[in-house]
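Contents: one structure, followed by commentary.
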Amino acid sequence: QVQLVESGGGLVQPGGSLRLSCAASGFTFRNYAMSWYRQTPGKDRELVAHITSTYGSTNYADSVKGRFTISRDNAKNTVNLQMNSLTPEDTAVYYCNARLPSTSVSYWGQGTQVTVSS
Numbered sequence: 210q211v212q213l214v215e216s217g218g219g220l221v222q223p224g225g226s227l228r229l230s231c232a233a234s235g236f237t238f239r240n241y242a243m244s245w246y247r248q249t250p251g252k253d254r255e256l257v258a259h260i261t262s263t264y265g266s267t268n269y270a271d272s273v274k275g276r277f278t279i280s281r282d283n284a285k286n287t288v289n290l291q292m293n294s295l296t297p298e299d300t301a302v303y304y305c306n307a308r309l310p311s312t313s314v315s316y317w318g319q320g321t322q323v324t325v326s327s
């Protein structure tokens, strides 16, 4: 059974930091590209950060470059998102995604709420 379980969300003040984690099970994690998306009410889900399966190459949305860092641990089947210098515009539900390259196979976590507010 495939599972992606996000954790680490919560309420943080502007300028603060949070670290999101996604624990994967039920598939061969190292073969999958991993991403973090976020979504706010009434808006489409947007890609925040992505890390490839083979070389661990990363890319980021322009809005988070220099503030967020995605990383993966293939031994622990986890992907993390370190978020620094948070602003209220980062408030959203954050979702973990696993995608098998060159296929339509894709899995989603249930999401974790991040709220940036004073």
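Each number in this note's numbering comes from the position in the sequence shown (counting from 1) with 209 added on. Glycine is no exception: its CB is placed at the ideal position from the N, C-alpha and C atoms.
The beta carbons of residue 242 and residue 267 sit about 11 Å from each other, so the pair does not count as a contact at 8 Å.
The beta carbon of residue 256 is closer than 7 Å to those of 244, 246, 270 in its chain, skipping five residues each way along the sequence. Scanning the stretch 239–322 from its first residue to its last, the whole beta strand (DSSP E) runs of 3-plus residues come out as 242–248, 255–260, 267–269, 277–282, 287–292, 301–308, 315–317. In the DSSP assignment, residue 230 falls within the beta strand (DSSP E) that extends over 227–234. Take residue 220, set aside five residues on each side of it, and the residues of its chain with a beta-carbon closer than 7 Å to its own are 324, 326, in chain order.
Distance from the CA atom of residue 286 to the CA atom of residue 316, rounded to whole angstroms, is 14 Å. In this structure, the CA atom of residue 240 is about 33 Å from the CA atom of residue 225. Looking at the DSSP output, residue 324 bridges to 220.
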